[in-house]
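Asks: Below you'll find the structure I mean.
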Amino acid sequence: MHLIAGSKTELGHKNGNSFYARFGDITGMVTSPDDPKSLWIADYTNNCFRILNRQTKQVQDLTGNCGDTAVHDDNFEFAGVGDPIGLVSWDRDRVYFYDNAKPRIRCLYRLNKVWYILTTYRSTSQVHNFAGNVESGYFYLLRDEEIQRVSLDRTVSENIIDPHEEYDDGLLSRAGIKKPVHMIFLEPEVLLIADQGYHNLRVINLETSKISSVCLPQESDTSLVTVFGPINNCKLEYPTFIFKDGVNKVIRVLGYIQSYTLRYEITTETASSATEALPFPEEEEAPNRRVLSTAEIFGVAILFLLAVFGMVLAMLIYNGASTQ
């Protein structure tokens, strides 16, 4: 993981080349539907969207009149963006986001080769994060102590978790979350959520209406610890962002200080039972180790002994030749 643009320590708004550029709080990012070499970036602090060319490392404003919090629909040149959060790429002509300034779902929409920003669903309160799943056709709104889902056609709007004082795993109707800040989809109906209120991960299976935990909950922000190990013993600190590492088939979890690796597998049995196969957090960048079989170990040992024998024999031949 390395920095490609902006600064780790300095916020602001500057366009230009690579490390000269400055961003505010980045709350969403997708590959540009126009150019796979570029990224569209939601800049929450600067009230706009930015674009980064990954080849030239150039940063420019995309839309939203950076620095102006006015919210209104129009084409990219004149549209106003308040506090954008989350970017969900739906197809080549639609990218959705949530605007916290005037709570609503909005869409970056292409019509006749012209890009617009259009409001598609008006809400009532701000969110910590916003996600969507093309396969299921739902958007998910993450708020304090609740998660709401809204269908693309707006015919369904319901809470999948309501506020509860109890933490409980098990049935969704009895479970509580505290501050869900990010989520990904393990399957179309299986969600993995980072909960900063309880400092752990939660797995929600919408088919069975059940929830389970990855790592133990910690409710006090003043006595947090990190513990690596099995999911029923580990402890996390401020899990903030989750993403799948498709190359290594693991899940990476970024926190404020630590980062974690989760190895998981979804089988026929576990996919319908709240994904119990989410095993062991490891320290970030721990090397992948393959355990040698007994036959391999034996073979290596034989090769080593043959090499040693060859060296000894060569020395004896050399010494014999020298004495003659």
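According to this note's numbering, the sequence shown holds residues 1 to 324 in order. Quick reminder that beta carbons are idealized off the backbone N, C-alpha and C, glycines included.
1) Between which residues of its own chain and Tyr167 is the CB-CB distance below 7 Å, once the five residues before and five after are set aside?
2) Starting from Glu158 and walking both ways along the beta strand (DSSP E), at which residues does that stretch end?
3) If we ignore side chains and look at the alpha-carbon of each, how far apart do Asp144 and Leu172 end up?
4) If contacts are defined as beta-carbon pairs under 8 Å, then Ala79 and Thr63 qualify, I think. What distance do you get, rounded to the angstrom?
5) Taking 9 Å as the threshold (C-beta atoms), are Val59 and Gly6 in contact?
6) Considering only their Cβ atoms, is the gap separating Ile251 from Ile204 smaller than 9 Å?
7) Who pairs with Asp245 in a beta bridge, going by DSSP?
8) Take Ile184 and list the residues in its own chain whose beta-carbon comes closer than 8 Å to its own, dropping the five residues that flank it on each side.
9) Our contact map puts Ala101 next to Asp73 with C-beta atoms below 8 Å; I'd like the distance itself, whole angstroms only.
10) For Arg122 and Gly229, I'd like the C-alpha separation in whole angstroms.
11) Going along the chain, which residues of its own chain have a beta-carbon closer than 8 Å to the beta-carbon of Tyr138, five neighbours each way excluded?
12) Can you give the Cα-Cα distance for Leu52 and Asn75, rounded to whole angstroms?
13) Asn200 to Gly246, Cα distance in whole Å?
14) Identify whether Ser38 lies in helix, strand or coil by the three-state DSSP scheme.
15) Once the 5 residues before and after Asn65 are set aside, which same chain residues still bring their CB inside 7 Å of it?
16) Can you tell me the Cα-Cα spacing of Val225 and Asp61, whole angstroms?
17) Give me whichever residues DSSP pairs with Val203 in a beta bridge.
18) Assuming Tyr116 contacts Arg94 (C-beta within less than 8 Å), just tell me the rounded distance between them.
19) Which first and last residues belong to the beta strand (DSSP E) in which Thr9 is found?
20) Just list the beta strand (DSSP E) runs in the stretch 88-115, keeping only unbroken ones of 3 residues or longer that don't cross its boundaries, in chain order.
21) Three-state secondary structure (DSSP) at Tyr260?
22) Can you check which of these residues, Thr119, Leu3, Glu189, Pro36, is closest to Tyr20 by C-alpha distance?
23) Tell me, please, which residues DSSP counts as bridged to Lys57.
Replies: Judging by the given coordinates:
1) Translated into the one-based positions of the sequence shown, residue 167 becomes position 167. If we look at Tyr167 and ignore the five residues flanking it on each side, its Cβ neighbours are Gly176, Tyr198, Pro217.
2) Here residue 158 is taken as the residue at index 158 of the sequence shown, counted from 1. Run containing Glu158: 157-161, per the beta strand (DSSP E) assignment.
3) Within the sequence shown, residue 144 is the residue found at index 144, counting from 1. Within the sequence shown, residue 172 is the residue found at index 172, counting from 1. Spanning the two alpha carbons is a distance of roughly 16 Å.
4) The residue you call residue 79 lines up with position 79 of the sequence shown. The residue you call residue 63 lines up with position 63 of the sequence shown. So it is a contact: roughly 6 Å between Cβ atoms.
5) If you number the sequence shown from 1, residue 6 lands on position 6. If you number the sequence shown from 1, residue 59 lands on position 59. Cβ distance < 9 Å, so Gly6 and Val59 count as in contact.
6) Taking the sequence shown and counting its residues from 1, one reaches residue 204 at position 204. Taking the sequence shown and counting its residues from 1, one reaches residue 251 at position 251. No. Outside cutoff.
7) By 1-based counting over the sequence shown, the position of residue 245 is 245. BP columns for Asp245 point to Val250.
8) The sequence position of residue 184 within the sequence shown is 184, counting from 1. If we look at Ile184 and ignore the five residues flanking it on each side, its Cβ neighbours are Ala131, Leu191, Leu192, Ile242, Phe243, Lys244, Ile251.
9) Residue mapping note: residue 101 aligns to position 101 of the sequence shown, counting from 1. Residue mapping note: residue 73 aligns to position 73 of the sequence shown, counting from 1. Incorrect: roughly 13 Å between the Cβ atoms, too far for contact.
10) Here residue 122 refers to the residue found at position 122 when the sequence shown is read from its first residue. Here residue 229 refers to the residue found at position 229 when the sequence shown is read from its first residue. In a straight line, the C-alpha of Arg122 is about 43 Å away from that of Gly229.
11) As a working mapping, residue 138 is identified with position 138 in the sequence shown. Same-chain partners within the cutoff: Gly132, Arg149, Val150, Ser151, Leu152, Val156.
12) Residue numbering aside, residue 52 sits at position 52 when the sequence shown is read from its first letter. Residue numbering aside, residue 75 sits at position 75 when the sequence shown is read from its first letter. Distance between the alpha carbons of Leu52 and Asn75 is about 20 Å.
13) In the sequence shown, counting from the first residue as 1, residue 200 sits at position 200. In the sequence shown, counting from the first residue as 1, residue 246 sits at position 246. About 22 Å.
14) Start at 1 with the first residue of the sequence shown, and residue 38 comes out as number 38. Three-state DSSP puts Ser38 in a strand.
15) Position 65 of the sequence shown, counting from 1, holds the residue named residue 65. The answer, listed in chain order, is Cys48, Gly80.
16) Looking up residue 225 in the sequence shown gives position 225. Looking up residue 61 in the sequence shown gives position 61. Their Cα atoms are separated by approximately 40 Å.
17) Within the sequence shown, numbered from 1, the residue matching residue 203 stands at position 203. BP columns for Val203 point to Leu192, Ser212.
18) For this step, residue 116 is matched to residue 116 along the sequence shown. For this step, residue 94 is matched to residue 94 along the sequence shown. That pair is no contact at about 11 Å.
19) By one-based count along the sequence shown, residue 9 stands at place 9. Here Thr9 belongs to no beta strand (DSSP E), and DSSP marks it neither H nor E.
20) 94-99, 104-111
21) Counting from one through the sequence shown, the residue named residue 260 turns up at place 260. Tyr260: strand per DSSP, three-state reduction.
22) Within the sequence shown, the letter at position 20 stands for residue 20. The residue with the shortest Cα to Cα distance from Tyr20 is Leu3.
23) Position 57 of the sequence shown, counted from the first residue, corresponds to residue 57. According to DSSP, which records beta bridges pairwise, Lys57 is partnered with nothing at all.
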